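If you number the sequence shown the way my numbering does, the last residue is 281 and the count never jumps.
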Amino acid sequence: MFTCSKHLYIRIILFFLLLHILWLLITYKQFISQKNNDKSILMNEPYQLLIPQTCYNICQLMIKLPKTNLIHSKFIKKSQKLWPNFNANLMTLYNINNELINKGKLKNVGFIEALKLFKFNCVIFHDVNLAPINYYNSYQCDELTKYMAIHLSVGININKFKLPYKTYLGGVLKISTHHFITVNGYSNEYWGLDIENDDDFEKRLTITNIKYIHVNDRIGQYLYIPYNSKYSLQSNNLKKLLNRSNKNMNSDGLNDVSYKVISRSDLPFFTHLQVLIKQS
């Protein structure tokens, strides 16, 4: 009698355990299916090409966005799906000058102007042509950001979702306001150069003993979206710029950026700035 009851009890436990395993498998398949569907939407829908350019978080977010109400509303809806706690003042920053791009200088300008408008503890510098595809990549000013810079775009599809090299900090970088001011922002000298400006910034962090980390490559995944840019791969002064970055850090950056705000439009969900920066 006791033996029969014991076997029955074990069978009941195994039955419920099997049901639980089946439930986990079904839930996992639904989760993967939803993520793949979202990734497909991200690639195929035109408005998904509107990618955040710079995020000021508690939370302030700078993006490059056409002045179209329909596209803007769709972007907001998708952003809320990617980041459930999406609560941001949006800012677009546009350089009206037609010269070579200077991303470092534009980031400095955006940071300075944002300080006049918003209160924020950290900033996320975000390349316009990178689209995040992982829900768990944090765009929040978390506790870790107080102590170190966090590189978010570790894996990009064109690089097979692998980091190009260990000290690479380009693409998407989250850093506290205090640390960004400590390193005097980005250099203003890298005209038409992209990665080199990020390498210079990595040197600034190292010099000031500010640590940085890369998020897990399974989390920091992004899609690369081709676009026309004015980056030049040639520069006779590149080696000189990188070699003297240590010496010039305190005089080249936030405290030495010249620009002019041409116009400012305060719209319901974002602020649009047109600025003028010139190559000296």
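Where is the CB? At the ideal position from N, CA and C, for every residue including glycine. In this text the structure is predicted, and so the values were computed from the model without any measurement.
message = For the beta strand (DSSP E) containing residue 271, name the first residue and the last one.
response = 271 to 277
Beta carbon of residue 128 nearer than 8 Å to that of residue 172 = yes
**Q.** Residues bridged to residue 198 [DSSP beta-bridge criterion]
**A.** Answer is none; residue 198 lacks a bridge partner.
Please report the distance separating the alpha-carbon of residue 259 from that of residue 176.
23 Å
- prompt: From this set, 105, 24, 119 and 118, which residue's C-alpha is nearest residue 193's C-alpha?
  reply: 105
Review point. What's the gap between the Cα of residue 138 and the Cα of residue 221?
Key: 6 Å
- Could you check which residue in 254, 151, 140 and 146 has the C-alpha nearest to that of residue 168? 151
**Asked** Would you report the Cα separation of residue 202 and residue 212, rounded to the nearest angstrom?
**Response** 12 Å
Check whether residue 303 and residue 103 have beta carbons under 8 Å apart = In the structure as shown, the chain begins at 2 and stops at 281. Residue 303 is therefore absent and cannot be evaluated.
Point to revise | Sub-8 Å separation of residue 255 and residue 109 beta-carbons | key: yes
Exercise. So, helix, strand or coil for residue 261, using DSSP?
Worked result: strand
First through last residue of the beta strand (DSSP E) which encompasses residue 173:
173 to 177
Could you give the distance in angstroms between the alpha-carbon of residue 183 and the alpha-carbon of residue 206? 9 Å
Query raised in the report: For residue 285, which residues from the same chain have a beta carbon less than 6 Å from its beta carbon, with the 5 sequence-adjacent residues on both sides left out?
Result: Residue 285 lies beyond the range of the chain shown here (2 to 281); nothing can be said about it.
Item to complete: Specify the secondary structure class of residue 246 as computed by DSSP and reduced to three states.
Response: helix
Is residue 272 buried or exposed, if buried means 16 or more other CB atoms sit within 10 Å of its CB? buried
Between residue 158 and the rest of its own chain, which residues show a CB-CB distance below 7 Å, the 5 nearest in sequence each way excluded?
224 and 225
Q) Out of 262, 148 and 154, which has the shortest C-alpha to C-alpha gap to residue 209? A) 148
- Item | Whole-angstrom C-beta distance between residue 145 and residue 174, which should lie under 8 Å | In fact, because the Cβ distance is near 14 Å, the residues do not count as touching under 8 Å.
| query | Which value, in whole angstroms, describes the spacing of the CA atoms of residue 264 and residue 130? | reply | 25 Å
Worksheet item: In terms of residues, what are the limits of the beta strand (DSSP E) holding residue 126?
Response: 123 to 127
Of the residues 200, 113 and 125, the one placed nearest residue 247, counting alpha carbons only: 200
Mapping the DSSP letters down to three states, classify residue 22 as helix, strand or coil. helix
I believe residue 275 touches residue 113 by the beta-carbon criterion, under 8 Å. Please report the beta-carbon distance rounded to the nearest angstrom. With 8 Å as the limit, residue 275 and residue 113 do not qualify as a contact, their Cβ atoms being about 15 Å apart.
Do you know offhand how far residue 243's Cα is from residue 24's? 56 Å
Next on the checklist: Which residues does DSSP list as the beta-bridge partners of residue 215?
Outcome noted: 152
- Proximity winner among 160, 22 and 164, relative to residue 214 (alpha-carbon distances): 164
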